[in-house]
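The numbers in the sequence shown follow the numbering used here, run straight up by one, and end at 343.
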Amino acid sequence: MSQVFVTRRLAPGVADRLGDRAIVHDGEEPLARAELLRAVHGRTAVITTLDDTVDTEFLDAAGPSLRIVANHAVGTHNIDRAACAARGVLVSNTPGVLTGATADMAWALLLAATRRLGEGERLLRSGRPWAWAPTFMLGLELADTPLGILGMGRIGQAVARRAAGFDMPVSYHNRTRLPEADERGATWRPLDELLATSTVLVVTCPLNEATRHLVDAERIARLPAGAVVVSMTAGVVDEAALAAALDSGHLFAAAVDNFEREPEVDPALLAQERAVLAPHLGSATVRTRQAMGNLAVDNVLAVLDGKEPVTPVG
């Protein structure tokens, strides 16, 4: 039996490094749960994605041979890490390599939302008549507009660095103040103060039990009228509350890159003309997905060779 199971097709050339030690589910759709549980039985390593729930049932199905779950993602909210630790199963992720691509995507969404690019493209493609006018599809300028970043990890810091090119003052909220962010001119603020002072809010903090729906209806209401929200992490922003704030006019626009119940999208968000919605494209560049896949493979190969993972998750 092959030692490694890969739950999804990887970027070109990546899985080849595993040779005949691996079986790859050669598709972009996730396996049905029953198929996944059968496929992991007896494996030493499994490369998973965020759609694969690694819980007690998964670990039971894999059996005592399993030594590592290598997540093809930065986040690990799909993995019961305590259950893995109790069985001596290592967990790894792919940090660092997707920072730039995800920060670029945050800015793409921010620009699309503030300049109403989605609306404009839909108008042109619809064939409806239109004409330039001094008041036609007015958006927001970014220079001197306060940018708030919720979550100042690698991605949040990359978003902040890009803000310098747009002349935007940056504030942030993080569990701890970061001297490196302060040195670049960003200002740490308590969460409620950050919300009250951010005309544009970019959410990059990881999803965990403390951050789930952290930006709820009450906190969205604390944003200035006419603010813009860019959500890069599923589950931190309450999607129903976000749609309601757009519907009421409290928010000028919003942009979301991944969703709490993917691939399902809240119908209320889909109905919002001022919502820019992307199908989880933050890390979707050839270079980044190859780097993520290679790092996941590096972690697996290290463990198969009796070494520690390159990027373990404690």
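Backbone N, C-alpha and C fix where the C-beta goes; we use that ideal spot for every residue, glycine too.
Please state whether DSSP places residue i in a helix, a strand or coil.
i: tryptophan 217; result: strand
i: threonine 77; result: strand
i: leucine 306; result: strand
i: alanine 172; result: coil
i: glycine 177; result: strand
i: asparagine 100; result: strand
i: valine 342; result: coil
i: glutamate 268; result: helix
i: arginine 151; result: helix
i: valine 118; result: coil
i: leucine 127; result: coil
i: leucine 140; result: helix
i: arginine 62; result: helix
i: serine 200; result: strand
i: alanine 189; result: helix
i: glutamate 289; result: coil
i: phenylalanine 165; result: coil
i: valine 83; result: strand
i: alanine 135; result: helix
i: alanine 283; result: strand
i: alanine 313; result: coil
i: alanine 51; result: strand
i: valine 43; result: coil
i: valine 329; result: helix
Is residue i buried or exposed, if buried means 16 or more other CB atoms sit within 10 Å of its CB?
i: arginine 204; result: exposed
i: methionine 261; result: buried
i: proline 338; result: buried
i: methionine 134; result: buried
i: valine 315; result: exposed
i: asparagine 237; result: exposed
i: arginine 62; result: exposed
i: phenylalanine 165; result: exposed
i: leucine 153; result: exposed
i: arginine 318; result: buried
i: arginine 157; result: exposed
i: arginine 20; result: The displayed coordinates of the chain run from 30 to 343. Any statement about residue 20 would go beyond what the structure contains.
i: aspartate 55; result: exposed
i: threonine 85; result: exposed
i: arginine 145; result: buried
i: serine 155; result: exposed
i: glycine 335; result: exposed
i: aspartate 196; result: exposed
i: aspartate 295; result: buried
i: glycine 147; result: buried
i: alanine 99; result: buried
What residue from the options has the CA that sits closest to residue i's CA?
i: glutamate 302; options: Val315, Phe288, Ala313 and Ala283; result: Ala283
i: threonine 105; options: Gly71, Ala172, Gly48 and Asp80; result: Asp80
i: valine 265; options: Gly255, Ala141 and Thr240; result: Thr240
i: alanine 132; options: Val43, Thr233, Ala215 and Gly156; result: Thr233
i: proline 308; options: Ala297, Val326, Thr317 and Phe288; result: Phe288
i: glycine 194; options: Ile184, Gly182, Thr174 and Leu179; result: Thr174
i: alanine 304; options: Thr77, Ser200, Leu271 and Thr226; result: Leu271
i: cysteine 113; options: Arg218, Leu88, Leu230 and Gly168; result: Leu88
i: valine 259; options: Ser277, Leu47, Leu230 and Ala250; result: Leu230
i: alanine 187; options: Ile97, Gly147, Glu150 and Ala130; result: Ala130
i: alanine 254; options: Leu243, His279 and His242; result: His279
i: alanine 40; options: Val326, Arg110 and Ala331; result: Val326
i: threonine 228; options: Glu293, Ala313 and Pro198; result: Pro198
i: threonine 226; options: Leu243, Thr78, Ala250 and Ala210; result: Ala250
i: alanine 51; options: Arg72, Arg67 and Leu60; result: Arg72
Give the C-beta separation of residue i and residue j to the nearest angstrom, bearing in mind that I take them to be a contact with Cβ-Cβ under 8 Å.
i: valine 285; j: leucine 306; result: 6 Å
i: glycine 311; j: histidine 101; result: Rounded, the Cβ-Cβ distance is 13 Å, inconsistent with contact.
i: valine 103; j: leucine 138; result: Contact doesn't hold; Cβ gap of about 18 Å is too wide.
i: proline 341; j: serine 94; result: Going by Cβ atoms, the distance from proline 341 to serine 94 rounds to 19 Å, so no, they are not a contact pair.
i: alanine 142; j: valine 257; result: 5 Å
i: leucine 207; j: glycine 177; result: Actually they do not touch by this definition, with Cβ atoms about 15 Å apart.
i: valine 83; j: threonine 36; result: Not a contact, Cβ separation roughly 10 Å.
i: glycine 185; j: proline 235; result: That pair is no contact at about 10 Å.
i: serine 31; j: aspartate 49; result: 7 Å
i: arginine 218; j: alanine 189; result: Going by Cβ atoms, the distance from arginine 218 to alanine 189 rounds to 13 Å, so no, they are not a contact pair.
i: aspartate 267; j: aspartate 245; result: 5 Å
i: glycine 125; j: arginine 183; result: 6 Å
i: alanine 263; j: alanine 297; result: About 16 Å; that fails the 8 Å criterion.
i: arginine 96; j: valine 118; result: 6 Å
i: phenylalanine 281; j: leucine 169; result: 6 Å
i: histidine 344; j: leucine 220; result: Because the chain spans 30 through 343 in this model, residue 344 falls outside it and cannot be assessed.
i: glutamate 57; j: arginine 38; result: 6 Å
Give the list of continuous beta strand (DSSP E) stretches no shorter than 3 residues that lie fully inside the region 217-264.
You should have 229-232 and 256-260.
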